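One structure is given here, and the rest of the page talks about it.
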Amino acid sequence: MKNNEMEKLVRIALENGRDYSEVQTIKKIKGGSINEAYYVQTIDAEFFMKFHANAPKFFFKSEATGLRLLKETNTISVPSFLSYSDQPGRGFLLLEWIEGRKTDKTEETLGRKLADLHKSFGRLHGFDSDTYIGLLPQPNELNANWLEYYRDKRLGSQLEQGIETGNIEGKRRKQLEKLLETLDEWIPSFVEPSHLHGDLYSGNWIVGPGGEPYIVDPSFLYGDRHFELAYTELFGGFPSKFYEAYNENYPLRKEYEDIKPLYQLYYLMAHLNLFGEMYGEQIDQILDKYIGENF
2 MKNNEMEKLV RIALENGRDY SEVQTIKKIK GGSINEAYYV QTIDAEFFMK
52 FHANAPKFFF KSEATGLRLL KETNTISVPS FLSYSDQPGR GFLLLEWIEG
102 RKTDKTEETL GRKLADLHKS FGRLHGFDSD TYIGLLPQPN ELNANWLEYY
152 RDKRLGSQLE QGIETGNIEG KRRKQLEKLL ETLDEWIPSF VEPSHLHGDL
202 YSGNWIVGPG GEPYIVDPSF LYGDRHFELA YTELFGGFPS KFYEAYNENY
252 PLRKEYEDIK PLYQLYYLMA HLNLFGEMYG EQIDQILDKY IGENF
């Protein structure tokens, strides 16, 4: 977006957020592969602004809702949002600016506070509106049965999208269809529906003042906390003291290692549908493990 157009949009975002102080600086910064990112400074405060000219329906509303629900647990730090818009051509999310330096306690604090978040429960699994993982739609529903939700709305939806795009076919498709039929052998039906960030990999947390960890970019849902933990171990993972602090605060169930690959499967399928075959080998290894190579 051109500088003068961005300045107008920033002013709209500030007015919507009830911050009327004069804009002093708008600077484009690095902020991920999906949205344009901007540092905004006014006389009174600093902000982080995401912009996407072609954001899908309710894209930024979904993220803002997730931030609000996480913040309301009073367990783990998340940025406050001031305003958002999903209007065509001017989609944005305006957040408080978070900046700080990591300390030797930061990762330990993140693990402990994530466990506190997971001790906050909803009534049902899933969510009452659709969300996104990246720009990929994530259909949702509320369901008392975690197995049904995970099978139908998570793995099942990615299977459908993969078939449509041609990323899932042949042996891979047959194995996945068989896995969904037999998923109850591994995934529990009734567990407590924790508040989950929903997209918590190593790139979705930052450091704030005093070394305080903040989680960002949620794709919120209620669900089995082990689903969240499994994803933290993909794509670089988290340091050992993070897991030690989490497990000390909220010990993992004994079957976690047995179901972890099945929870990682969802995120690998989503990445397959987003980015292509580079994630296919990991998916096939999981399917061979649970369904068998000679299926």
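Sequential numbering from 2 applies to the sequence shown in my numbering. Ideal Cβ positions, reconstructed from N, Cα and C, are used throughout, including at glycine. Computed from a predicted model, the values in this text were never measured in an experiment.
(1) With 16 as the cutoff for other CB atoms within 10 Å, does Ser158 come out buried or exposed?
(2) What first and last residue would you give for the beta strand (DSSP E) that runs through Ile169?
(3) Does the contact criterion of 3 or more C-beta pairs under 8 angstroms hold for the stretch 194-201 versus the stretch 115-127?
(4) Decide if Ser63 is buried, meaning its Cβ has at least 16 other Cβ atoms within 10 Å, or exposed.
(5) Can you list, in chain order, the residues of its chain with a C-beta nearer than 7 angstroms to that of Pro240? Leave out the 5 residues immediately preceding and following it.
(6) The alpha helix (DSSP H) that contains Leu115, what's its start and end?
(7) Run the CB neighbour count on Ala56, radius 10 Å, all protein chains shown included, and call it buried at 16 or more, exposed below.
(8) DSSP three-state call for His196: helix, strand or coil?
(9) In angstroms, rounded to a whole number, what distance separates the CA positions of Ser86 and Val208?
(10) Using only alpha-carbon positions, find the residue among Tyr280, Glu249, Ile216, Lys242 that is nearest to Leu235.
(11) Kindly confirm or deny that the stretch 213-220 and the stretch 62-79 touch, where touching means at least three C-beta pairs closer than 8 angstroms.
(12) Where Ser22 and Asp45 are concerned, what is the direct C-alpha to C-alpha distance, given to the nearest angstrom?
(13) Pro262 lies in the alpha helix (DSSP H); which residues open and close that run?
(14) Count the CB pairs spanning the stretch 68-83 and the stretch 178-191 that are closer than 8 angstroms, and state whether there are at least three.
(15) Taking only three categories from DSSP, how would you classify Phe243?
(16) For Lys290, which residues from the same chain have a beta carbon less than 6 angstroms from its beta carbon, with the 5 sequence-adjacent residues on both sides left out?
(17) Relative to the alpha-carbon of Ala231, which residue among Glu256, Ile292, Gly163 has its alpha-carbon at the smallest distance?
(18) If you compare alpha carbons, which of Gly90, Met50, Gln265 is closest to Leu96?
(19) Return no unless some Cβ of chain B is closer than 8 angstroms to the Cβ of Ile164.
(20) Checking the sheet assignment: what are the DSSP bridge partners for Lys51?
(21) Output the boundary residues of the alpha helix (DSSP H) element that contains Ser63.
(22) In three-state terms, what does DSSP make of Phe122?
(23) Between which residues of its own chain and Ala54 is the CB-CB distance below 6 angstroms, once the five residues before and five after are set aside?
(24) To the nearest angstrom, how far is it from the Cα of Phe48 to the Cα of Arg152?
(25) Check the DSSP bridge columns for Thr183 and list the partner residues they point to.
(26) Report yes if the CB atom of Lys103 is closer than 8 angstroms to the CB atom of Gly212, and no otherwise.
(27) Buried or exposed, going by whether 16 or more other CB atoms sit within 10 Å of the CB of Pro214?
(28) With DSSP run on the structure shown, which of helix, strand or coil describes Gln286?
(29) Using 8 angstroms for Cβ pairs, my map puts Leu288 next to Leu177. What's the rounded Cβ distance?
(30) Within the same chain, show all residues whose beta-carbon is closer than 7 angstroms to that of Tyr267, passing over the 5 residues directly before and after it, in chain order.
On the basis of the supplied data:
(1) buried
(2) Per DSSP, Ile169 belongs to no beta strand (DSSP E) and is neither H nor E.
(3) yes
(4) buried
(5) Glu108
(6) 107-119
(7) buried
(8) strand
(9) 26 angstroms
(10) Tyr280
(11) yes
(12) 6 angstroms
(13) 257-276
(14) no
(15) helix
(16) none
(17) Glu256
(18) Met50
(19) In summary, chain B is missing from the structure at hand, where a single protein chain is found.
(20) Ala38, Leu94
(21) 60-72
(22) strand
(23) Gly90
(24) 39 angstroms
(25) The partner list for Thr183 (beta bridge, DSSP) is empty, contrary to what the question assumes.
(26) yes
(27) buried
(28) helix
(29) 7 angstroms
(30) Arg155, Leu156, Gln159
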